[in-house]
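Residue numbers (my numbering): 245 to 425.
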Amino acid sequence: MIVSQLPNKKIKDRREKLTENVKLYQAAASDIEEITGLYEQAKGSKFCTWDEHYPNTEITWGDLERDALFCMKTETGEIVGAISIDDDKEVENLKCWSKTLKPSVEIARLVVKTEWQNKKIAPKMLKELLKIIADRGIKGAHYLVDKNHKRALAAYKSLNFIKVGESTLYDGNWWCYERKI
Numbered sequence: 245m246i247v248s249q250l251p252n253k254k255i256k257d258r259r260e261k262l263t264e265n266v267k268l269y270q271a272a273a274s275d276i277e278e279i280t281g282l283y284e285q286a287k288g289s290k291f292c293t294w295d296e297h298y299p300n301t302e303i304t305w306g307d308l309e310r311d312a313l314f315c316m317k318t319e320t321g322e323i324v325g326a327i328s329i330d331d332d333k334e335v336e337n338l339k340c341w342s343k344t345l346k347p348s349v350e351i352a353r354l355v356v357k358t359e360w361q362n363k364k365i366a367p368k369m370l371k372e373l374l375k376i377i378a379d380r381g382i383k384g385a386h387y388l389v390d391k392n393h394k395r396a397l398a399a400y401k402s403l404n405f406i407k408v409g410e411s412t413l414y415d416g417n418w419w420c421y422e423r424k425i
C-alpha cells in the first residue's frame with residue numbers, strides 16, 4: 245500500500261514518527277555551509293520571498309555570531325531545517341507590535357529541506373525555538389509572513405500567533421503576527 249492510500253490517522257502517525265527524532269540545536273560554524281545550502285534550495289520556490297542576495301552567507305554568519313541561528317537535526321546529524329532570531333531594526337520599528345510584550349524578538353529565515361517538507365518540521369522547530377526564547381527571558385515573538393503563503397500561515401496559527409497588522413516593508417506584502425511567550 246502506498247503512503248497516500250493509508251487512512252488519515254496512519255499518515256499522521258507516520259509523520260509524527262518521522263519528526264519525533266529531530267531536535268533543534270544552536271547552530272555551529274560547521275553548519276553554516278549546509279544551512280546556506282537550504283536557503284539556496286528554497287529560493288525560487290512557491291511563496292519564497294528570498295532572492296539571490298537574501299539570505300546570504302554574511303547574514304547567516306551574523307546570526308551565528310549573535311547566538312541566533314538554530315538548526316533542526318536528525319539523530320544522524322542531517323540538517324533538515326533552520327531558523328533564526330533576527331535583529332532587524334526596520335521590522336522592530338513597525339508600529340503594530342505590542343508595547344507590553346517587550347523585550348521581543350523577530351523570528352526569521354525559517355527553512356525546511358525540500359524532502360522534509362509536509363512532515364510538521366516547521367511547527368516543531370517553532371515550538372522548540374519559542375522555548376529557547378522564553379529561557380532567554382524574552383516576553384514576545386513576532387514575524388512577517390507573505391500573505392499568500394498558506395503553509396506558513398497554518399504553521400504559525402497552530403502556535404497561537406495573532407495577526408496584529410500588515411506591512412509592505414522590503415517591497416513585500418506581509419501579515420504581521422506576534423504572540424506572548
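The beta-carbon is built from N, C-alpha and C at its ideal position, and this holds for glycine as well.
Residue i, enclosing alpha helix (DSSP H) - first and last residue
| i | result |
| --- | --- |
| E372 | 365–379 |
| E296 | Where E296 is concerned, there is no enclosing alpha helix (DSSP H), given that its DSSP letter is neither H nor E. |
| I279 | 276–286 |
| A396 | 394–401 |
Proximal residues to residue i (C-beta, below 7 Å), its chain only, five neighbours per side dropped
| i | result |
| --- | --- |
| N404 | R423 |
| R395 | none |
| N265 | T318, E319 |
Start-to-end residues for the beta strand (DSSP E) that takes in residue i
| i | result |
| --- | --- |
| R353 | 348–356 |
| K407 | 406–411 |
| V266 | Neither: V266 is in no beta strand (DSSP E) and is coded neither H nor E. |
| K424 | 418–424 |
Proximity of residue i and residue j at Cβ, strictly below 8 Å
| i | j | result |
| --- | --- | --- |
| R353 | I327 | yes |
| T293 | G416 | yes |
| E216 | H386 | Residue 216 is absent from the structure shown; the chain starts at 245 and stops at 425. |
| S411 | L388 | yes |
| C315 | G409 | no |
| I329 | E278 | no |
| A420 | L338 | The sequence given here places Cys at residue 420; Ala does not occur at that position. Contact flag set, yes. |
Chain-order list of residues whose beta-carbon lies under 6 Å from that of residue i (same chain, five-residue window excluded)
| i | result |
| --- | --- |
| E372 | L268 |
| A378 | I425 |
| K391 | N417, W419 |
Same chain, Cβ closer than 8 Å to residue i, five either side skipped, listed in chain order
| i | result |
| --- | --- |
| D311 | Q270 |
**Study point:** Validate contact between the region 296–314 and the region 273–283 using beta carbons, cut 8 Å, 3 pairs
**Key:** yes
Practice item. Would you check if the region 279–286 and the region 355–373 touch, i.e. whether three or more CB-CB distances between them fall below 8 Å? Key: yes
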